[in-house]
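Residue numbers (the working numbering): 1 to 68. A virtual CB, placed ideally from N, CA and C, is assigned to each residue, including glycine.
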Amino acid sequence: MRRLGEGGLRRAGDKKRKQREDHDFSAEFHPVSSLFCGLSFIILLFYDKCSIKTIKSNIIMYMQLMKA
Numbered sequence: 001m002r003r004l005g006e007g008g009l010r011r012a013g014d015k016k017r018k019q020r021e022d023h024d025f026s027a028e029f030h031p032v033s034s035l036f037c038g039l040s041f042i043i044l045l046f047y048d049k050c051s052i053k054t055i056k057s058n059i060i061m062y063m064q065l066m067k068a
């Protein structure tokens, strides 16, 4: 009887640990996604040969991406 109770406690602990690991993964993923957005922004900026109109639209697009 006692062992069944311990097993149940252990399973609850594993579940909490798994939730914590999932949370850590999402916390680590955010800087990677923002870095990717920054790189794509720079590529777009230089690909359009830096005309002022496209730079403005790229900055607006980049700000919208960062808000989302």
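Neighbour-count burial assignment, residue i, 16 or more Cβ in a 10 Å radius
{"i": "Arg2", "result": "Below a pLDDT of 50, predicted positions are generally treated as unreliable, and Arg2, at 49, falls in that range; the measurement from the model is reported next regardless. So Arg2 ends up on the exposed side."}
Anticipated Cβ contact below 8 Å, residue i with residue j, distance rounded
{"i": "Asn58", "j": "Leu45", "result": "5 Å"}
Of the listed residues the options, nearest to residue i (C-alpha basis)
{"i": "Ile42", "options": "Tyr62, Ser33, Lys53", "result": "Tyr62"}
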